[in-house]
Every structure is written in structure tokens, then in C-alpha cells.
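Some notes on the structure that comes next.
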Amino acid sequence: MRIMQDTRILLRTGAVPALLLAAAAVAAGTATAAPAAGGTAPAGAAGPDFQYVGQDDRVHGLTAPKGCVAAEGGGSRPVTNHTRGTATFYREPGCAGAPVERLGPGTVTQVRPYFASVRFSVTG
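Position in the sequence shown counted from 1, then plus 683, gives you the numbering used here.
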């Protein structure tokens with residue numbers, strides 16, 4: 684019970700961490716999405732399947748991404764992969780060159796210094 688009371692106090696006083704605010708913004712639909720890559724979220728969805736903070740300091744999100752996708756805003760920093768497959772990051776556009784990072788399903792990591800494109804494995 685103490686934890687719930689402390690949480691209510693934090694929410695009432697406005698002391699909510701910036702990451703939670705960013706997640707709320709994404710859920711509210713303020714993040715950018717690449718329609719050709721992922722389309723729109725189904726009704727009642729909690730948010731994008733894949734999201735990252737770009738070099739442009741904006742939160743970007745994709746729903747149901749497939750194949751090679753350009754990282755709008757120049758991808759870097761926190762990356763969240765809630766897809767069912769692996770996300771492979773490349774510094775070159777078009778998923779060219781050697782991969783710089785792989786992120787399994789349901790994981791979060793930092794990708795440094797940046798990535799320009801991401802290939803999503805096909806899942807059935």
C-alpha cells in the first residue's frame with residue numbers, strides 16, 4: 684500500500700520522470716511514424732512496437748515494422764524493441780554495411796553513436 688500512496692503523491696506533485704512523459708506522448712500519438720514501414724496501430728493498442736529517441740531529440744515510433752526501415756531523425760540513444768523479431772541496426776541507409784547492433788524481441792538498449800536504418804526479421 685505504501686508504494687501506491689507514494690506513486691499517487693508523485694503524480695499529483697508532477698514529479699514524473701521524463702521517460703514516462705515521453706512514453707505517454709508516444710501513446711497519445713505525438714511520435715512520428717513511417718506509414719509505409721509500419722502503418723497504424725490497431726484500435727486499443729498501447730503504443731508503437733519499436734521506438735527510439737533520434738538525434739533530433741524526438742521520440743519516433745513504428746507499429747508492425749517489416750524489412751529495412753530508415754531511421755527518421757537519425758536514430759540514437761534509447762531503443763525499445765517490442766516486436767516479435769530481432770532488430771538489426773546499421774550506420775548506413777538502406778541497411779547497408781556491417782550491422783552495429785542487434786536487439787532481440789522485448790528488449791531495451793542504447794545504440795551508440797547512431798544508426799541510419801534498421802532491418803526487422805520476418806516473424807510468422
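Backbone N, C-alpha and C define an ideal beta-carbon position, used for all residues, glycine too. Every value quoted in this text rests on a predicted model; they were computed, and no experiment measured them.
C-alpha distance - residue i paired with residue j, whole-angstrom precision
i: Y797; j: G756; result: 10 angstroms
i: D825; j: V762; result: Since the first residue shown for the chain is 684 and the last is 807, residue 825 is missing from the structure and cannot be characterised.
i: Q793; j: S759; result: 7 angstroms
i: V783; j: F803; result: 14 angstroms
i: Q734; j: D740; result: 13 angstroms
i: P788; j: G777; result: 21 angstroms
i: A701; j: A781; result: Any reading at A701 must be qualified, since the residue scores a pLDDT of 42, below 50, and its modelled position is unreliable; no value is offered.
i: R774; j: H765; result: 21 angstroms
i: G730; j: R767; result: 15 angstroms
i: A795; j: H743; result: Going by the sequence as given, residue 795 is Arg instead of Ala. Spanning the two alpha carbons is a distance of roughly 17 angstroms.
i: V805; j: F772; result: 15 angstroms
Where residue i falls: helix, strand or coil (DSSP)
i: G777; result: helix
i: S759; result: strand
i: A747; result: coil
i: T792; result: strand
i: V801; result: strand
i: T769; result: coil
i: G737; result: strand
i: V752; result: strand
i: V742; result: strand
i: L786; result: strand
Contact belief for residue i with residue j at Cβ below 8 angstroms, rounded distance in angstroms
i: V736; j: S800; result: Rounded, the Cβ-Cβ distance is 16 angstroms, inconsistent with contact.
i: T769; j: L786; result: 7 angstroms
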